[in-house]
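Q: Add 8 to the 1-based position in the sequence shown for my numbering, that's all there is to it. Got a structure here, written out as structure tokens. Questions coming.
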Amino acid sequence: GAGKTEAAFILMARLIANGHANGAYIALPTMATANAMYRRTAGVYRKLFRENSQPASLVLAHGSRRLDLQFTSSLIHPHQLPGEGEYERDEFDAEARCNAWLADNNKKALLAHIGVGTIDQALLAVLQSKHQSMRLLGLVGKVLLVDEVHASDAYMHTLLCQLLTMHARAGGSAILLSATLSEAMRKDLIRAWGGHIEDATSMPEELLPYPLLTSVAPHSQAEYRAVATREMVRRKLTVRLVHEPELVHQWIVEQAKQGSCIAWIRNTVNDAIEAWQTLSRELGEDRVVLFHARFAMGDRLDIENVVLEAFGPKSGTDSRLGKVVVATQVIEQSLDLDFDEMVSDLAPIDLLIQRAGRLHRHRRDAEGNLLKGEKLIDQRSRPCLHVLSPAPETEAGQQWIRRLLPGTAAVYPDHGQLWLTAHELSQRKRLQIPEDLRELIESVYAEDAIERVPEALRTSSERAEGKAFSDRSVARLNAIKPATGYRCQDGQWLDESLTPTRLGEDSVTVRLAHWQNGGLKPVTESETTDWTLSECRIAARHLARLPAFPKDIEDAIEDVKSLWPKKLRKTTLVPVSVEKDGEPDRSAREQEKWWRYSKRTGLMF
């Protein structure tokens, strides 16, 4: 909340104005954060170019961009001459316009003057995959702006470093943003940009200041500059560890009844659904919003908009009073949300800091109305981050995290990092933001941090480090190699399937349908029967648990898929039980093994 994005736009404008760049690609970690950044960029991007210059194009680049109505309304088709499009002059539509040819697929989106999208679209420029060279060409001469640069695992981080190396050699510029970057990751990024110059990664003996501006030019020493933060984002944050979910439930209900708006960030979808069900019974479904990634895309976008309107920068008492959001990591970063109170499941320290950035993010009065002016003091009680966590015992056993949060144990396999996070927070109890952040991050991510981890948890840390080492090797194998040029190596180029931008559990996109009036219909209704609105991304392993469907259902599946474009017919169409007024839409006995879908809870297996 200190203004990193605004500062980045100022730097981007200077680079373009001085002829060092002709455009930009703004990369973010998720579709939700890309959508939010696209809206922010739409109102200002024309100011990057001369008023009498040819109209600049702005493109949203990710797999579901066609579902963003603000983006699709901006498209200029070939038959529309400049100025003839019928667009209202509001803050968005008239400002964000692009040629439909550039927007018809992601690989061409990088050719636009300004692109906003997921980091994956940029990483494909250095992977041995189809249309790699077109993507790389699209980035030439542009500013590569990567937000939340810390939000990557070892595989993605290695690919990003290779992308930076290629971009620097092509004479480009890059701006990397993060509120929680570790020293080790910063060294990697500096080395990637500066090539073989080792002294570019030398660091002062003492911990560097925070916030920090690092400037790097190839073949030169990195320069460091302390940057004073804005007073309105400087604050003291109390941290309390809570060891029982029941106490969290009770506390949230009490706070909501007193009029506070609260967020509980959970680490798994199943845990989020369970918490939503419990809180809804106490407060009513109209006061508790569930937000996670296992909704059909149309419903997910609707929920995202509801959350942004209710808790975003323009929200006030009417939308916030006594409301609760139970969410997963989808609200962890880059979404401009503000809550009075927050609970989070235990997560690595950098992620907890990101989550806490949605706590008292805007200055408000005691009723939750926005205050105007830099010098006004937030009138709410001091912010407190509650963390659901087992006590960080010095003799913690192997089941330390699994007993309380088994889902968290699976999502964050380095249990040593979780213990270090809980231990550091239990010792401090109160944080000074931003002064304490760098020391906090290094307390968990420093090379010698593992020495403080209980013996029983070190195995998980060593296993996680081994996997990270393996993932870095895979990334180097998959990435293009400037020294060898375009060659057929190990057959990667022969396979037309995309080399992955992310490792991890295999996932697939399915389309969800329900039985209605003797046929299968999309679970998310639209005027055009657009099946993309009913798409949902799930772990591939769940497909093995699909039930056998009756003959009429199987025939209906084939009838629906026969109407799809040929390249989409391999997509799995899944009939689900959809509750309407509490009753399923086919006989309960027939559907008892079907997956269930609800607009309030999403997809349940």
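Glycine is no exception: its CB is placed at the ideal position from the N, C-alpha and C atoms.
Are there 16 or more other CB atoms within 10 angstroms of the CB of Ser515, so buried, or fewer, so exposed?
A: It is exposed - the Cβ of Ser515 has fewer than 16 other Cβ atoms within 10 Å.
Q: What's the gap between the Cα of Glu340 and the Cα of Gln435?
A: Approximately 24 Å, taken between the alpha carbons.
Q: Kindly indicate which three-state DSSP category Ala271 falls into: helix, strand or coil?
A: Reduced to three states, the DSSP call for Ala271 is strand.
Q: Among the residues of its own chain, which have a CB less than 8 Å from the CB of Val157, if the five just before and after it don't count?
A: Contacts found: Leu168, Leu184, Leu185, Ser186, Leu189, Met193 and Leu197.
Q: Taking buried to mean at least 16 other C-beta atoms within 10 Å of its own C-beta, is Ala521 buried or exposed?
A: When all chains shown are included, Ala521 counts as buried.
Q: Measuring alpha carbon to alpha carbon, tell me which of Arg302, Asp326, Gly180 and Val297 ends up nearest Asn313.
A: Selected option, being the one with the closest Cα: Val297.
Q: Tell me Phe299's beta-bridge partners as DSSP assigns them.
A: Per DSSP, Ala335.
Q: For the beta strand (DSSP E) containing His522, list its first residue and its last residue.
A: It spans Ser515 to Gln524 - the beta strand (DSSP E) in which His522 sits, taken as one unbroken run.
Q: Taking DSSP as the reference, what is the three-state secondary structure of Thr402?
A: Reduced to three states, the DSSP call for Thr402 is coil.
Q: In the DSSP output, which residue or residues are listed as bridge partners for Thr222?
A: Tyr232, per the DSSP bridge assignment.
Q: Does the segment 536 to 546 touch the segment 507 to 514, meaning 3 or more C-beta pairs lie closer than 8 Å?
A: The segment 507 to 514 is not in contact with the segment 536 to 546.
Q: What I want to know is whether the C-beta of Leu168 ends up closer than 7 Å to one or more non-hydrogen atoms of the ligand SAH.
A: The ligand SAH is not part of the structure shown, which contains no ligands of any sort.
Q: For a minimum of 4 consecutive residues, which ranges assigned as the alpha helix (DSSP H) are wholly contained in the segment 354 to 408?
A: For the segment 354 to 408, whole alpha helix (DSSP H) runs of length 4 or above, ordered along the chain, are 357 to 364.
Q: Determine whether the beta carbon atoms of Ala29 and Val148 lie at a separation below 8 Å.
A: No, the Cβ-Cβ distance between Ala29 and Val148 is not below 8 Å.
Q: Spatial neighbours of Arg233 within its chain, please: CB distance less than 6 Å, with the 5 preceding and 5 following residues excluded, ordered by chain position.
A: Excluding sequence neighbours, Arg233 sits near Leu221.
Q: For the putative contact between Thr654 and Arg519, defined by C-beta atoms under 8 Å, what is the C-beta separation to the nearest angstrom?
A: Absent from the model: residue 654. The displayed extent of the chain is 9 to 613, so no value can be given.
Q: Straight-line CA distance for Ala200 to Val224?
A: C-alpha separation (whole angstroms): 10 Å.
Q: What residue range does the alpha helix (DSSP H) around Ala548 cover?
A: Careful: Ala548 lies outside any alpha helix (DSSP H) and carries neither H nor E.
Q: If Val124 and Thr49 are in contact, beta carbons under 8 Å, what's the gap, nearest whole angstrom?
A: The pair is a contact, with the Cβ atoms about 5 Å apart (cut-off 8 Å).
Q: DSSP has Val454 in a bridge; who is on the other side?
A: Note on identity: in this sequence residue 454 is Ala, with Val being the wrong assignment. Per DSSP, none; premise fails for Ala454.
Q: In the DSSP output, which residue or residues are listed as bridge partners for Gly527?
A: In the DSSP output, where bridge partners are listed per residue, Gly527 has Gln524.
Q: Does DSSP classify Gly51 as helix, strand or coil?
A: Reduced to three states, the DSSP call for Gly51 is coil.
Q: The alpha helix (DSSP H) with Tyr163 in it runs from where to where?
A: Its alpha helix (DSSP H) spans residues Ala162 to Arg177.
Q: Do Gly292 and Gly376 have their CB atoms nearer than 8 Å?
A: Cβ distance not < 8 Å, so Gly292 and Gly376 don't count as in contact.
Q: Taking Ala280 as the reference, give the member of Gln258, Glu239, Asp307 and Ala335 with the closest Cα.
A: Cα-wise, what sits closest to Ala280 is Ala335.
Q: Return helix, strand or coil for His204, following the three-state DSSP convention.
A: The predicted model places His204 with a pLDDT of 40, which falls under 50 and marks its position as unreliable; any figure quoted below should be read in that light. In the structure shown, His204 sits in coil (DSSP, three-state: anything other than H, G, I, E or B).
Q: Return the first residue and the last residue of the beta strand (DSSP E) that Ser181 is part of.
A: Taken as a continuous stretch (DSSP letters only), the beta strand (DSSP E) holding Ser181 covers Ser181 to Leu184.
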